[in-house]
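Visitor: Handing you this structure, nothing more for now.
Structure, rendered in structure tokens:
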């Protein structure tokens with residue numbers, strides 16, 4: 001049976017991914033300052049923290065919009081005739097290309113491959129929510145809802 | 001086949017199936033009670049006798065894996081691999097979201113059998129609903145005394161917690177998963193030593209796919225003979241087949257291993273979505289070589305698919321109709337592998353990118369006369385020259401499409417456009 005002391009040391013390092021998630025929640029991305037703070041809190045070399053963060057695509061080194069839209073362009077979504085159509089549609093609707101953020105900072109559009117929604121293609125994620133069996137009508141409704149939600153949130157913060 | 005009753009997905013579709021009350025009502029955790037009264041050696045023998053093989057893609061016999069764990073009372077770990085990310089695959093997500101307790105029950109039994117007191121769930125970072133449901137499910141299991149100290153008065157202790165991945169396909173490979181759990185870059189380790197000897201924090205570790213563990217409670221409840229009565233002689237048990245692409249009813253279908261591919265496509269998935277006939281099938285996820293209509297009568301089991309020059313993989317069937325550009329299919333899959341190569345081994349890191357670039361220029365009508373030879377030579381440079389199986393897997397879409405659809409590549413290169421367009 002391992003004692004607490006034996007478990008504690010490796011366990012500290014194993015908290016790194018969780019710590020990076022928490023840090024990323026603050027600003028939506030991992031700024032150099034945030035990485036530095038994580039390194040200090042976990043008593044790890046900054047280079048180790050940066051190296052690990054850079055390995056994983058869900059950790060971001062650049063600021064993103066309030067809502068990050070990730071459209072799946074994997075094989076099954078492509079075969080469902082949805083992937084390309086959806087990306088084109090969102091590019092036109094939001095006025096940005098894949099990998100870009102709208103000028104109001106509301107939306108970042110990205111393409112990804114495979115969200116394990118191949119049977120309900122086409123699919124996309126918005127922040128942590130998954131949306132499946134998408135049509136342009138559904139996308140319209142969703143974007144409207146997100147804009148509304150953001151406005152309500154901004155109004156709440158002003159009050 | 002019509003008489004087959006779902007085993008692994010029996011709770012899917014039942015309201016609130018992710019809650020412990022529903023799971024208990026439907027007979028859940030009875031296998032755990034039975035297992036905790038059985039000597040660990042007998043459980044290992046039972047799983048060996050059942051013929052259960054890993055459902056994550058490699059098909060390794062689960063009982064052998066349990067048997068490789070040292071018998072001595074040293075620190076050991078169990079990891080549940082919930083990092084489903086192989087394009088075409090969406091079977092684990094179904095169980096993760098709709099029946100977490102069957103996986104927890106399987107994991108507790110496995111931990112008891114190999115003598116581990118600490119277990120971890122490594123869940124794909126994108127599975128946010130899954131993370132939420134798992135935190136709740138584990139809390140419920142603790143509250144009912146299925147986790148924690150002295151489980152059901154057996155004297156066996158086990159702690160289980162969720163660890164969220166962060167977007168890296170390679171972390172589905174067991175040693176990469178272990179590195180990621182340790183808070184490191186998810187790069188695979190050299191094998192041997194295998195995780196059963198040197199795993200998480202260098203201690204013996206048993207890593208199992210979600211679907212593999214979901215089988216365990218049923219084997220404990222119903223016995224090895226019952227389990228072997230499902231499927232084929234060497235591929236026992238039920239399997240989740242997730243089917244997508246150009247079929248009428250894409251989705252998850254649980255069927256005995258050995259069910260013919262044609263039955264799955266035509267009877268369960270409703271056949272082709274339109275008038276166009278079937279052109280190609282990927283039988284087991286992005287990394288398995290594609291097959292053609294002549295293979296439709298193949299039984300979907302580990303041996304038959306290898307005989308046909310492919311693999312069962314994850315059981316993720318991607319169906320493509322006539323009119324699909326196979327060079328574009330290969331390019332798209334290679335785009336995935338090039339993005340997901342961890343970068344550790346040069347042949348995989350450079351080779352997958354090179355393959356993607358050559359495939360892209362062929363699709364764009366800029367292919368060169370010797371590009372097909374070039375593709376084959378890059379593939380030869382990758383196969384067998386990487387630490388983990390991803391290098392070998394990545395070349396499959398290219399080599400199999402070249403094998404079956406060489407004329408399409410030739411047409412693309414010669415006429416600078418798609419034959420299918």
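Residue numbers (the working numbering), protein chains in the order written: chain V, 1 to 159; chain H, 1 to 421. Where is the CB? At the ideal position from N, CA and C, for every residue including glycine. Keep in mind the model is a prediction, meaning the values are calculated, not measured.
Name the residues in the segment 18 to 50 of chain V whose C-beta lies less than 8 Å from a C-beta of chain H; which are they?
Guide: 18, 20 and 21
Visitor: In chain V, what lies closer than 9 Å to residue 335 of chain H by C-beta?
Guide: Sequence index remark: in the second chain, residue 335 of chain H carries index 335 (1-based). Those are 73 and 113, listed as they occur along chain V.
Visitor: Just how far apart, CA to CA, sit residue 341 of chain H and residue 27 of chain H?
Guide: As a working note, residue 341 of chain H is residue 341 in the second chain. As a working note, residue 27 of chain H is residue 27 in the second chain. Straight-line measurement puts the Cα of residue 27 of chain H at about 43 Å from the Cα of residue 341 of chain H.
Visitor: Can you check DSSP and say which residues form a bridge with residue 70 of chain V?
Guide: Taking the first chain and counting its residues from 1, one reaches residue 70 of chain V at position 70. Paired residue(s): V:110 and V:125.
Visitor: If we define contact as Cβ-Cβ less than 9 Å, is residue 147 of chain V a contact residue for chain H?
Guide: Working through the first chain from its first residue, we reach residue 147 of chain V at position 147. Using a CB distance cut-off of 9 Å, residue 147 of chain V does not count as an interface residue toward chain H.
Visitor: Run down chain H in chain order and give the residues with a C-beta less than 9 Å from the C-beta of residue 79 of chain V.
Guide: Within the first chain, residue 79 of chain V is the residue found at index 79, counting from 1. Per Cβ cutoff of 9 Å: 244, 245, 246, 318, 319, 320, 321, 324 and 329.
Visitor: What first and last residue would you give for the beta strand (DSSP E) that runs through residue 157 of chain V?
Guide: Locating residue 157 of chain V in the first chain gives position 157, counting from the first residue. It is not in any beta strand (DSSP E) - residue 157 of chain V instead sits in the alpha helix (DSSP H) that spans 136 to 158.
Visitor: So, at 7 Å on beta carbons, what are the nonlocal neighbours of residue 6 of chain V in its own chain, with the 5 sequence-adjacent residues on each side left out?
Guide: In the first chain, counting from the first residue as 1, residue 6 of chain V sits at position 6. Below a pLDDT of 50, predicted positions are generally treated as unreliable, and residue 6 of chain V, at 38, falls in that range; no measurement from the model is reported.
Visitor: In this structure, how does DSSP classify residue 77 of chain V when only helix, strand and coil are distinguished?
Guide: Position 77 of the first chain, counted from the first residue, corresponds to residue 77 of chain V. Helix.
Visitor: I'd like to check one pair, residue 28 of chain V with residue 66 of chain V: are the Cβ atoms closer than 9 Å?
Guide: Indexing the first chain from 1 puts residue 66 of chain V at position 66. Indexing the first chain from 1 puts residue 28 of chain V at position 28. Their beta carbons are under 9 Å apart, which means residue 66 of chain V touches residue 28 of chain V by this criterion.
Visitor: How about residue 308 of chain H and residue 295 of chain H: do their beta carbons lie closer than 9 Å?
Guide: For the purposes of this step, residue 308 of chain H is identified with residue 308 of the second chain, where counting begins at 1. For the purposes of this step, residue 295 of chain H is identified with residue 295 of the second chain, where counting begins at 1. Against a cut-off of 9 Å, the Cβ pair of residue 295 of chain H and residue 308 of chain H comes out as a contact.
Visitor: Measuring only between beta-carbons, confirm whether residue 67 of chain V sits less than 9 Å from chain H.
Guide: Here the question's residue 67 of chain V lines up with position 67 in the first chain. No, residue 67 of chain V does not count as interfacial toward chain H.
Visitor: Can you tell me the Cα-Cα spacing of residue 149 of chain V and residue 103 of chain V, whole angstroms?
Guide: Taking the first chain and counting its residues from 1, one reaches residue 149 of chain V at position 149. Taking the first chain and counting its residues from 1, one reaches residue 103 of chain V at position 103. Approximately 18 Å between the Cα atoms of the pair.
Visitor: Whose C-alpha, out of V:85, V:42, V:124 and V:116, is nearest the C-alpha of residue 14 of chain V?
Guide: One-based indexing of the first chain puts residue 14 of chain V at position 14. When each option's Cα is compared against that of residue 14 of chain V, the closest is V:42.
Visitor: What are the boundary residues of the alpha helix (DSSP H) that residue 163 of chain H is part of?
Guide: One-based indexing of the second chain puts residue 163 of chain H at position 163. It is not in any alpha helix (DSSP H) - residue 163 of chain H instead sits in the beta strand (DSSP E) that spans 159 to 164.
Visitor: Just the chain V side, please: which residues come within less than 8 Å of residue 129 of chain H by C-beta, in chain order?
Guide: Along the second chain, one-based indexing puts residue 129 of chain H at 129. What residue 129 of chain H touches in chain V: 130.
Visitor: Where does the unbroken beta strand (DSSP E) through residue 252 of chain H begin, and where does it stop?
Guide: Here residue 252 of chain H is taken as the residue at index 252 of the second chain, counted from 1. First-last of the beta strand (DSSP E) with residue 252 of chain H: 251 to 256.
Visitor: Pick out whichever of H:228, H:172 and H:243 has its Cα sitting closest to the Cα of residue 210 of chain H.
Guide: Numbered from its first residue, the second chain carries residue 210 of chain H at position 210. Closest option to residue 210 of chain H, Cα to Cα, is H:172.
Visitor: For residue 215 of chain H, tell me which candidate among H:22, H:421 and H:10 has the shortest Cα-Cα distance.
Guide: For the purposes of this step, residue 215 of chain H is taken as the residue at position 215 of the second chain. For residue 215 of chain H, the nearest C-alpha among the options comes from H:10.
Visitor: Would you call residue 140 of chain V buried or exposed, if buried means 16 or more other Cβ atoms sit within 10 Å of its Cβ?
Guide: Here residue 140 of chain V corresponds to residue number 140 of the first chain, with the count starting at 1. Per the 10 Å Cβ criterion, exposed.
Visitor: On the premise that residue 35 of chain H lies in contact with residue 43 of chain H, defined as a C-beta separation below 8 Å, what is that separation, rounded to the nearest angstrom?
Guide: For this step, residue 43 of chain H is matched to residue 43 along the second chain. For this step, residue 35 of chain H is matched to residue 35 along the second chain. Going by Cβ atoms, the distance from residue 43 of chain H to residue 35 of chain H rounds to 6 Å, so yes, they are a contact pair.
Visitor: Can the beta-carbon of residue 118 of chain V be found closer than 9 Å to that of residue 245 of chain H?
Guide: Numbered from 1 along the first chain, position 118 holds the residue referred to as residue 118 of chain V. Numbered from 1 along the second chain, position 245 holds the residue referred to as residue 245 of chain H. Cβ atoms of residue 118 of chain V and residue 245 of chain H: closer than 9 Å.
Visitor: Roughly how many angstroms lie between the CA atoms of residue 185 of chain H and residue 276 of chain H, to the nearest whole one?
Guide: By one-based count along the second chain, residue 185 of chain H stands at place 185. By one-based count along the second chain, residue 276 of chain H stands at place 276. If you take the alpha carbons of residue 185 of chain H and residue 276 of chain H, they lie about 45 Å apart.
Visitor: Can you list, in chain order, the residues of its chain whose CB lies under 8 Å from that of residue 113 of chain H, leaving out five sequence neighbours each side?
Guide: Numbered from 1 along the second chain, position 113 holds the residue referred to as residue 113 of chain H. Hits under 8 Å: 35, 40, 43, 44, 47 and 66.
Visitor: I need the DSSP call for residue 96 of chain H, collapsed to helix, strand or coil.
Guide: The residue labelled residue 96 of chain H in the question sits at position 96 within the second chain. Reduced to three states, the DSSP call for residue 96 of chain H is helix.
Visitor: Along the chain, where does the alpha helix (DSSP H) containing residue 36 of chain H start, and where does it finish?
Guide: Along the second chain, one-based indexing puts residue 36 of chain H at 36. Unbroken alpha helix (DSSP H) run through residue 36 of chain H: 30 to 36.
Visitor: In angstroms, rounded to a whole number, what distance separates the CA positions of residue 360 of chain H and residue 314 of chain H?
Guide: Taking the second chain and counting its residues from 1, the one referred to as residue 360 of chain H is at position 360. Taking the second chain and counting its residues from 1, the one referred to as residue 314 of chain H is at position 314. So the two alpha carbons sit approximately 27 Å from each other.
Visitor: Report all residues from its chain with a CB closer than 6 Å to the CB of residue 385 of chain H; omit the five preceding and five following residues, and keep chain order.
Guide: Position 385 of the second chain holds residue 385 of chain H. Once the five neighbours on either side are set aside, the close Cβ partners of residue 385 of chain H are 347.
Visitor: DSSP three-state call for residue 16 of chain V: helix, strand or coil?
Guide: For the purposes of this step, residue 16 of chain V is identified with residue 16 of the first chain, where counting begins at 1. Helix, per DSSP.
Visitor: When you compare each of H:416, H:280 and H:239 to residue 52 of chain H by their alpha carbons, which one comes out closest?
Guide: For the purposes of this step, residue 52 of chain H is taken as the residue at position 52 of the second chain. Proximity to residue 52 of chain H across H:416, H:280 and H:239 peaks at H:239, based on C-alpha coordinates.
Visitor: Output yes or no for whether 9 Å exceeds the beta carbon distance between residue 208 of chain H and residue 115 of chain H.
Guide: Here residue 208 of chain H corresponds to residue number 208 of the second chain, with the count starting at 1. Here residue 115 of chain H corresponds to residue number 115 of the second chain, with the count starting at 1. No, the Cβ-Cβ distance between residue 208 of chain H and residue 115 of chain H is not below 9 Å.
Visitor: At a CB distance below 8 Å, what residues from the segment 81 to 96 of chain H approach chain V? Give them in sequence order.
Guide: 84, 85, 86, 87, 88, 89, 90, 92 and 93
Visitor: What is the residue span of the beta strand (DSSP E) that residue 118 of chain H lies within?
Guide: The residue you call residue 118 of chain H lines up with position 118 of the second chain. Looking at the DSSP string, the run of the beta strand (DSSP E) that includes residue 118 of chain H is 118 to 123.
Visitor: State whether the segment 116 to 135 of chain V contacts the segment 128 to 137 of chain H, with contact taken as three or more CB pairs (one from each stretch) at a distance under 8 Å.
Guide: A contact between stretches requires three or more CB pairs, one per stretch, nearer than 8 Å, and the segment 116 to 135 of chain V meets this requirement with the segment 128 to 137 of chain H.
Visitor: On the criterion of 16 or more Cβ atoms from any shown chain inside 10 Å, does residue 281 of chain H qualify as buried, or is it exposed?
Guide: If you number the second chain from 1, residue 281 of chain H lands on position 281. The residue is buried, with at least 16 neighbouring Cβ atoms inside 10 Å.
Visitor: Please look up how many angstroms separate the CB atoms of residue 285 of chain H and residue 86 of chain H, rounded, as I've assumed it's under 8 Å.
Guide: Within the second chain, the letter at position 285 stands for residue 285 of chain H. Within the second chain, the letter at position 86 stands for residue 86 of chain H. Contact flag correct, Cβ pair sits at about 4 Å.
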